[in-house]
Amino acid sequence: MPPQSAQPERAPVALTEADDQHAVLTFAGVLDAHALAGLEELLSDRRLRQAGTWVWDMSGLQRTDLACAYALLRAVTRAPETVSVTVRGARRAVRRTLRHAGLDTVVSIEE
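Now the structure itself:
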């Protein structure tokens, strides 16, 4: 049995900045089915909904699955039409999963 870590495991996504105009979600580690409920809860956060620009910093994200990519897609398509979303720093495999889910049609993915 592997040793237990003394520190709690970091959530794979956090709302790290938010005001009326701008919100930053920072992703790290693995975003998969185990994190889906927390991701969906975060995506419904009032502070995120009030911001007109969302930045998803995915530079620390190792991988994601389609279920989480679809949750991100739902959040964008349910957001007000004026919301602008930019994905920054995503690894090639993460970008591929986002594209498979269709996110590239509604967000700007920076290489």
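Per our numbering, the very first residue in the sequence shown carries number 77; after that it's consecutive. Every residue gets a Cβ at the ideal spot worked out from N, C-alpha and C, and that includes glycine.
Does residue i pass the burial test, meaning 16 or more other C-beta atoms within 10 Å, or should it be called exposed?
| i | result |
| --- | --- |
| residue 169 | exposed |
| residue 96 | exposed |
| residue 182 | exposed |
The beta strand (DSSP E) that contains residue i, what's its start and end?
| i | result |
| --- | --- |
| residue 99 | 98-107 |
For residue i, which three-state DSSP category applies?
| i | result |
| --- | --- |
| residue 186 | coil |
| residue 81 | Since pLDDT at residue 81 reaches only 46, below the 50 mark, its modelled position is unreliable, and the value read off the structure follows with that caveat. Three-state result, residue 81: coil. |
Quick check: the Cα distance between residue i and residue j, rounded to an integer number of angstroms?
| i | j | result |
| --- | --- | --- |
| residue 122 | residue 92 | 14 Å |
| residue 116 | residue 147 | 7 Å |
| residue 151 | residue 109 | 16 Å |
| residue 105 | residue 179 | 20 Å |
| residue 124 | residue 94 | 7 Å |
| residue 185 | residue 164 | 7 Å |
| residue 171 | residue 144 | 13 Å |
| residue 127 | residue 159 | 7 Å |
| residue 88 | residue 156 | 25 Å |
For this session: Let me know the alpha helix (DSSP H) ranges lying completely inside the stretch 89-176, each 4 residues or longer, listed in chain order.
Result: 112-119, 122-126, 142-154 and 168-176
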